[in-house]
Amino acid sequence: MDTVSERAAEQWLAHARENAAPDDRTGGRAALLLVEGVAGTGRTRLARRLLAAAASAGAGTLAVDFTPFGATVTAPPAPGPAGAPRSPGPPPPPAGAARPQGADGSLREALAPLSGAARIPEGESFLLVADDVHLADRTARDALRRLLARPPAGLAVALTYRPEELREPGLVLGRSAALPASLAVRRLTLPPLDGDGVRGLVDELLGGPDRGPTELYARIAQRSGGVPQVVADLVGLLRETGEPRERYSLRDLEAAGVPPRLRQLTLGRVAALPEEMRSVALAAAVLDEPAEAEELGAVAGLTAEGGTAALVRALREGVLTEDGLGRYAYFVPLAATAVYAEIPGPVRRALHRSAARVLSHRRPEPWTALARHRRHGGEVRGWLHAVEQAATERAAAGDHQAAIDLLETTLSRSTVPLHARARLAPLLAHSAVLGLRSEQTVTVLRQILDEQSLPTAVRGQIRLDLGLLLCNQAVAGMQGWLELQQAVEELQERPVMAARAMAALAMPLLSTVPLERNLYWLERAEKAGSQSDDEEARTAVAANRVGTLMYIGDPAAWDALEALPRDTTDAAYQQHVARGLCNAADGALWLGRLAPARELLAEGVALATRSGAAYVEEGARGTSLLLDWAEGNWDGLAARARAFAAEAETMPGMAVDGRTVLGMLALSRGEWQQATAWLVGEVPREPHAAAVPHVAAASGAMIRMAMVRDDVDGAVAEASAAWDRLRDKGVWVWGAELAPWAVEATLRAGRAAAARRMVDEYAAGLEGRLAPSSDAALAWCRALVAEDGGDHTAAAELFRRSAVVYAGLPRPYAAVLATECAARCALAAGGDAGAAVADLASCVDRLTGLGAVWDAARVRAVLRAHQPADGQRRRGRPSYGDQLSPREQEVADLAATGLTHREIAATLHLSPRTVEQHVARARRKLESQSGQSLSPGRTRRTG
Numbered sequence: 014m015d016t017v018s019e020r021a022a023e024q025w026l027a028h029a030r031e032n033a034a035p036d037d038r039t040g041g042r043a044a045l046l047l048v049e050g051v052a053g054t055g056r057t058r059l060a061r062r063l064l065a066a067a068a069s070a071g072a073g074t075l076a077v078d079f080t081p082f083g084a085t086v087t088a089p090p091a092p093g094p095a096g097a098p099r100s101p102g103p104p105p106p107p108a109g110a111a112r113p114q115g116a117d118g119s120l121r122e123a124l125a126p127l128s129g130a131a132r133i134p135e136g137e138s139f140l141l142v143a144d145d146v147h148l149a150d151r152t153a154r155d156a157l158r159r160l161l162a163r164p165p166a167g168l169a170v171a172l173t174y175r176p177e178e179l180r181e182p183g184l185v186l187g188r189s190a191a192l193p194a195s196l197a198v199r200r201l202t203l204p205p206l207d208g209d210g211v212r213g214l215v216d217e218l219l220g221g222p223d224r225g226p227t228e229l230y231a232r233i234a235q236r237s238g239g240v241p242q243v244v245a246d247l248v249g250l251l252r253e254t255g256e257p258r259e260r261y262s263l264r265d266l267e268a269a270g271v272p273p274r275l276r277q278l279t280l281g282r283v284a285a286l287p288e289e290m291r292s293v294a295l296a297a298a299v300l301d302e303p304a305e306a307e308e309l310g311a312v313a314g315l316t317a318e319g320g321t322a323a324l325v326r327a328l329r330e331g332v333l334t335e336d337g338l339g340r341y342a343y344f345v346p347l348a349a350t351a352v353y354a355e356i357p358g359p360v361r362r363a364l365h366r367s368a369a370r371v372l373s374h375r376r377p378e379p380w381t382a383l384a385r386h387r388r389h390g391g392e393v394r395g396w397l398h399a400v401e402q403a404a405t406e407r408a409a410a411g412d413h414q415a416a417i418d419l420l421e422t423t424l425s426r427s428t429v430p431l432h433a434r435a436r437l438a439p440l441l442a443h444s445a446v447l448g449l450r451s452e453q454t455v456t457v458l459r460q461i462l463d464e465q466s467l468p469t470a471v472r473g474q475i476r477l478d479l480g481l482l483l484c485n486q487a488v489a490g491m492q493g494w495l496e497l498q499q500a501v502e503e504l505q506e507r508p509v510m511a512a513r514a515m516a517a518l519a520m521p522l523l524s525t526v527p528l529e530r531n532l533y534w535l536e537r538a539e540k541a542g543s544q545s546d547d548e549e550a551r552t553a554v555a556a557n558r559v560g561t562l563m564y565i566g567d568p569a570a571w572d573a574l575e576a577l578p579r580d581t582t583d584a585a586y587q588q589h590v591a592r593g594l595c596n597a598a599d600g601a602l603w604l605g606r607l608a609p610a611r612e613l614l615a616e617g618v619a620l621a622t623r624s625g626a627a628y629v630e631e632g633a634r635g636t637s638l639l640l641d642w643a644e645g646n647w648d649g650l651a652a653r654a655r656a657f658a659a660e661a662e663t664m665p666g667m668a669v670d671g672r673t674v675l676g677m678l679a680l681s682r683g684e685w686q687q688a689t690a691w692l693v694g695e696v697p698r699e700p701h702a703a704a705v706p707h708v709a710a711a712s713g714a715m716i717r718m719a720m721v722r723d724d725v726d727g728a729v730a731e732a733s734a735a736w737d738r739l740r741d742k743g744v745w746v747w748g749a750e751l752a753p754w755a756v757e758a759t760l761r762a763g764r765a766a767a768a769r770r771m772v773d774e775y776a777a778g779l780e781g782r783l784a785p786s787s788d789a790a791l792a793w794c795r796a797l798v799a800e801d802g803g804d805h806t807a808a809a810e811l812f813r814r815s816a817v818v819y820a821g822l823p824r825p826y827a828a829v830l831a832t833e834c835a836a837r838c839a840l841a842a843g844g845d846a847g848a849a850v851a852d853l854a855s856c857v858d859r860l861t862g863l864g865a866v867w868d869a870a871r872v873r874a875v876l877r878a879h880q881p882a883d884g885q886r887r888r889g890r891p892s893y894g895d896q897l898s899p900r901e902q903e904v905a906d907l908a909a910t911g912l913t914h915r916e917i918a919a920t921l922h923l924s925p926r927t928v929e930q931h932v933a934r935a936r937r938k939l940e941s942q943s944g945q946s947l948s949p950g951r952t953r954r955t956g
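Using the working numbering, read the sequence shown as starting at 14 and increasing by one per residue.
Laid out in structure tokens, this is it:
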């Protein structure tokens, strides 16, 4: 990894070489670079890079590597340009040789030719790099001081060292070193990596980007302090936690522990402290955060004088370091963990109690830290009080995940008394709904609800949030629905919360119950809200009313939007309004109202961010991905969707947006195995599934792939099941991505009457709905029926009408597919063939621009059948030599996506045997050109 520090060092070397030659002004100068960096910041890497850069430029080089046991002196050969004179190296040792420094003063011998009266030939330069000078003994430091006191022109010296381990702070070569005016001196401090630098290094070490959620990178950066070597060692441990895999989690990082190299360094430094001063290091490990000097001394139980002396010694030994605010902590945060693990239990307990006493005097109280110290100090009442205060504080600040982590850890302990569980469980449930779900939350809440001794109203409050959690983050729609229904009964004493439960039951997206049931609960919720004096309850109901109406395409949704209190400044109200706006945006997306969806989403995200509704904010990212897919913003979309799906892996309800986008993109590119994995692998398709629009879209894609494979029975079976789900729910506007393909499959099976009934049923379901995507899909369905009946002219007109609607939304991919169908029917009708061929050519260009490789190849095959090369047929076959012909390239591209020979044949209207021949020729040509080959696994024959 090319770092800023390494580039700065190379610039210093280049500048030193430029100033090496003598002139009238300077007489030639020598240069010194002091490179300081704490353990693990890359000093040795930088030293080697400097030596390589100097050697490649033809300069002489000498490397000295200091260790606790002596030094190794190496003079690598300096190749330089052919015929160029070689810069002088020291006679002992010979070039390329190395030997340890001992008492015989071999380092002095090695440096002798560079010091005293010796001179480097004019116009040449020499680089000496001494690594880890803090380990040099007196003899070595004397030799270096002597050299730098009278350095020859053309000499560049780089000294690397750990500043925390110098014998005399700040003095690399000791107090007697003299640096003459003729020596250009520069100091370079190697800083820790920032967040982006840590992410880049982790990706480099793991072999690719996005190998874990954002929180994983952030935690590695925090625990390592940005020290590159610690990052590398952590990643090494991470890879050893199990089988190598594409992504790692925070749990994997926790299991990795402390790297042995860091543990050895840390414990060695602590052991070097006098025993009477070691308590300050133990106190810092227990606190595990930057602390004032007085706090450290008090926790350690030292007097003011003793605490100061111990702290100074800990700083001198490199155990602790001072930050910019005058606070002290371990030089790497993870080092505290290594020390903490070695503290005896009784001592640890006493230190935690001492830490709790000291930190309780801070204002405001650090409740999260107090909770930890009181828990480990055995102070149960104080611990539970601090947990409640910390969770409330974190939730109020919008940091719901921190509240969840703290409350889960607490409530998972069976020793927590019932009265405390009754107070803490509602906090956990509420934060879980607004935050990003933890895997343990549902389990913990269910265990609490199993305790029959909880008051009924408390159970109802917990059950309300559990139901929302199951419906939203966990995609367990019917389970959540049942919990919400039961919550309504348990919340009779709390009508405000009961109204919220009713409003949730009204949301059609959360369950597969018929729409009539959703509307029943919406009516009850509105009645309860209107009778309530609680403004938050009315806001929650109004937000869910907006979402419900928008999801079903009711024109009244837009009036409901205007009634939302969008200018509220109360954070609790803002969270409800943000949810309503983002749900409205998601609903508008499925309706095809893309521009309003973008506006609503931006407004909702802004409110969610201000009010701390993390789940709403994160869910909006999924809607944004779906909008990008619909609008044809496909550049980089697959990478964004993959990262989003991975980050939301513990929340299937959120991940489904990313998986749907990835599946649709894979389908358009002919990556059918990947498409199936994304669309079917984890998307719920059983009757209890909640994300009906996504399931309908996935079914439409599966039907398309089945028809290309000539699996008409499979296509019809998928279409029938999907249509039944749509009918059972009764929200027909969710059929826009399904209806055309379901109707086409039914027609291909020879069931024209059934297909016409489907179209009529779809049209009836769209009556009174404001859903342009469904209107375009309905025109498409009617075109298919007309085409099947032989009326190609009417079919072409209906397809064009569909394409116009799609283009105006805009939905360019759907518009292209409809235009292709219109051109196909126009050719069949015997109309203006030139215009139809031009439309097909335009479709190929637009699909290629989107990156829809498979679709472009498919339309190109249709175009080729109606438009010979150069507008006329030629006799014979053109020769392409060892280059791929257009057809061979086309077949090779499709084979590379993973399509079988039979699937490629169906796409290009060829026989499987012809495809096999094209693949064989393409493989031979590619191998003869550059050793490339088509993967045999990707060109397998089937059927």
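Built from N, CA and C at the ideal position, the CB exists for glycine as well.
Whole-number beta carbon distance between residue j and residue i, since they are thought to touch under 8 Å
i    : j    : result
L614 : A598 : 4 Å
A512 : S545 : 6 Å
R717 : W745 : The pair is not a contact, with the Cβ atoms about 20 Å apart (cut-off 8 Å).
V142 : L64  : 6 Å
T11  : P241 : What the structure shows of the chain is the stretch from 14 to 956, and residue 11 is not part of that stretch, so it cannot be assessed.
L604 : A784 : 4 Å
A166 : G208 : The pair is not a contact, with the Cβ atoms about 43 Å apart (cut-off 8 Å).
Span of the alpha helix (DSSP H), counted from its first residue to its last, around residue i
i    : result
E335 : Run containing E335: none in the alpha helix (DSSP H); it sits in the beta strand (DSSP E), 333-335.
F812 : 805-821
D657 : A small correction: the amino acid at residue 657 is Phe; Asp does not occupy that position in the sequence shown. Unbroken alpha helix (DSSP H) run through F657: 650-660.
V215 : 208-219
V283 : 273-284
V170 : Taken as a continuous stretch (DSSP letters only), V170 belongs to no alpha helix (DSSP H), being part of the beta strand (DSSP E) at 168-174.
T321 : 317-329
L247 : 241-252
Selection from the options that minimises the alpha carbon distance to residue i
i    : options                : result
R61  : L26, L638, G617, P81   : L26
R158 : R188, T454, A22        : R188
A573 : A585, P468, V554       : V554
A197 : E31, F82, G50          : E31
Y826 : A688, D641, L372, D801 : D641
L4   : F82, L247, L124, T227  : Outside the shown range of the chain, which is 14 to 956, sits residue 4, and nothing can be said about it.
A409 : R387, A619, L441, V708 : L441
R507 : Q474, F82, G50         : Q474
As assigned by DSSP and simplified to three states, the class of residue i
i    : result
E259 : coil
E967 : Since the first residue shown for the chain is 14 and the last is 956, residue 967 is missing from the structure and cannot be characterised.
R886 : At R886 the pLDDT is 44, less than 50, meaning the model places this residue with poor confidence; the figure from the coordinates comes in the next sentence. Three-state DSSP puts R886 in coil, outside helix and strand.
E308 : helix
G843 : coil
D580 : coil
L440 : helix
D144 : strand
T39  : The predicted model places T39 with a pLDDT of 47, which falls under 50 and marks its position as unreliable; any figure quoted below should be read in that light. Note: T39 maps to coil in three-state DSSP.
A297 : helix
P107 : A caution first: P107 carries a pLDDT of 38, below 50, which makes its placement in the model unreliable, though a value can still be read off. Three-state DSSP puts P107 in coil, outside helix and strand.
V48  : strand
L779 : coil
D184 : Inspection of the sequence shows that residue 184 is occupied by Leu rather than by Asp. Reduced to three states, the DSSP call for L184 is strand.
For residue i, the first and last residue of its enclosing beta strand (DSSP E)
i    : result
R200 : 196-202
G71  : G71 -> no beta strand (DSSP E), and no H or E assigned at all.
One or two residues paired with residue i in a DSSP bridge
i    : result
F79  : A84
F344 : F344 is not bridged to any residue.
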